[in-house]
Each structure stands twice: as C-alpha cells, then as structure tokens.
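According to mature numbering (1 follows the signal peptide of the UniProt record, and there is no 0), the sequence shown holds residues -25 to -1, 1 to 299 in order.
The structure appears below as structure tokens.
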Amino acid sequence: MTTRRAVLLLPAAALAWALPRRAMAQLDPTRPVRIQVGYAGGSFDATGRLLAEGLHERLGVGALVENRPGAGGSIASDYVAKAPPDGSVILIGGAGTHGVTPAVRRNLPFDAARDFTAIARVGEFPNVMVIPAAAPPRDVQAFIQWARRPEGVNFGSSGTGTSIHLTGELFRLRTGLAMTHVPYRGSGAAVLDLQAGRIQVIFDNMPNVLGQIQAGTLRALAVTSPGRVPALPDVPTMAEAGMPDFVVTSWVGVFGPAHMAPATVSQLAGAVLETVRSPTGQARLEALGARPSPAGPAGFDAMWRADMRRWAEVVSAARITVED
C-alpha cells in the first residue's frame, strides 16, 4: 500500500512565478517532486520530509513523501527505477536498499548498479552493538570471551539479508564466534526479545535502540562508526574496543532513475546539500541519531558502489541467500 504525505504543495500558478528561470528549464513547475520511501515511518521517512521542505524552500517546487513499504525497501526502489528520469520521482535509499539488498537478493526486478542515478548523500547512522542490561559483559572483549561458552550466543536482526543481519555476520566472521542468527520481522520485535534475554546481542541502527540504552534496559558496548557519536559520548567505537577494521554505517542518500540529465541532477543535489548543511538540517538529522555527511553526485556514487562491493564479499563469505 502506498501512503502519501503532502509537504508544502503550491498551486501551479504560484509555482510558475516562484520558480527561478534556470530551474524552470529543468524541473516541471506544475508537477511536485515525489519522494519515495521504502518504509512506513522511521528515519528514512523523517529524512524524506526534511528534504521535501528543503526542495520547496530552495527550488520553489511542491513535494510529496510517498511511502511504499515492503521487501526491504525494494518496492519503492523498483518504482523509482522505472520512473521517468525527469527528476519528478526520487528515492530515499540507503545501505540496506542499495548496499545489502543487491548482494543478498538474486531476483530483484531492477539492477541496482545500472538503474539508478546517485544524486546526493545525506548522512549516516552508526550501528550499535547492544546486549541486555542484565548480561555480564561490560565491553566488547568481555563479550567475545563470554560468547565462547558452550551454548554460544544468538544474535538478532530485523530480517535475513538486512544491514543489521550483515553487521552481525561481519562480527561473527571477524571474531570466529559460534553465533546463531535469529531473524525477526522488523527491529522492534528483535529489541523486545533482546530486552527479555531471548537473544544475546544485536547490531542495530542507533535510532532503533537509543531510547532503551538511555533508559538502562539495554547496554551499548560499542558503536560501529569511525568516531564516537554525540548521542552516546561514553560508548567507544569498535576500533577503541579492539576491532580497528570494523566500521559499518547505515548511510542515507537520494537516488533518481538512470539517465537523468546532468542539469537536473545538479539542481536536485544542490538543494539537498544546502538543506543538509543548514543549521535546521543538521539539527534535525542529529536528533534522529544521524551524522550529517553530505556528498555530491560523484562522491556519493563512488561511496555507494564501494559499499555494494563490500557487502557482496560479506554475503559470499557468510553464504547468505534470500529467496524472493
């Protein structure tokens, strides 16, 4: 099911005079930019609403946020892949939709490497290694020793083939621990079982567990970002915890269909980057637990493709497949 949320839509007549001349030649002023989000709510939805406001303020166009949840974000991705490349339909994508999913799903209705245009990177969310507050380990190295117990440990995820799952697999491969993956239908169910002690660890996106960490029901052992995060200043990075080669961030960016005109890409990228770099944009992203990390089309494209290659290697080593 598709849900729509209007953000600052203007009548066509108002758009005609509000839009700069150079923009009128690129984006159709009579059509809103429809921002596709592959999830119902959450950080991607909040990012989409922030950018919808930014596009209106900076380009004078109307904007819609359309939620098309399902299949790990692939329904929304497929919709954008098949949309006209005129800038009227764009996607909030991320490490899950454009890094992990192409690596684990064999029968996607689109080619992630071929069917999209990278417009701009917005920010990145670190994953957090969290355990029940009642569990004995107080740091990552203590967890590794504790996890060598005869019964091993279970690690949860929001589903097979998600970025949360693959972060756990990467930890298992790097440590050699006997860890059993327990997939859930969403992060919320996994976190509930973690709090109850039915699973022993999860490498979740920080916004999903920040409240429980702050409330004391979960213990954060490390963040997977290159540096510490302001929301959890006392939690070390994986490098500080003794795993210097373990850096995972769930990045978020904006994509369009393949074959977009460079002028349209430049116009959209400029508005996105201005929004992210603004004080309001920075504050709203940080409130979500994200680290703003704006990048233009070329830098974003290179980063995204490198991330796809990295996760393909992890999937191959862990022998993960997801049947469609």
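Cβ coordinates follow ideal geometry from the N, Cα and C atoms, glycine included.
{"query": "Among F178, D90, G23 and L248, the one whose alpha carbon lies nearest that of S162", "result": "F178"}
{"query": "Unbroken beta strand (DSSP E) run spanning I106, endpoints", "result": "F91 to P107"}
{"query": "Local conformation of P205 per DSSP, three classes", "result": "coil"}
{"query": "Any 3 or more C-beta pairs closer than 8 Å across the region 80 to 99 and the region 227 to 245", "result": "yes"}
{"query": "For P219, the first and last residue of its enclosing beta strand (DSSP E)", "result": "Careful: P219 lies outside any beta strand (DSSP E) and carries neither H nor E."}
{"query": "Buried/exposed call for E126, threshold 16 Cβ in 10 Å", "result": "exposed"}
{"query": "Of the listed residues G74, G202, T22 and R33, nearest to R284 (C-alpha basis)", "result": "G74"}
{"query": "Backbone CA spacing between E249 and H31 [nearest angstrom]", "result": "12 Å"}
{"query": "Under 8 Å between C-beta atoms of N129 and T155", "result": "yes"}
{"query": "7 Å Cβ shell around R9 - same chain, five flanking residues per side excluded", "result": "L39, E41, S63 and V64"}
{"query": "C-beta atoms of W279 and E99 nearer than 8 Å", "result": "no"}
{"query": "Distance CB(I119)-CB(N180) smaller than 8 Å", "result": "no"}
{"query": "Boundaries of the alpha helix (DSSP H) in which L34 is found, first to last residue", "result": "G17 to L34"}
{"query": "Expected contact under 8 Å - CB spacing of V251 and P272 to nearest Å", "result": "Actually they are not in contact, since the Cβ atoms of V251 and P272 sit about 14 Å apart, beyond 8 Å."}
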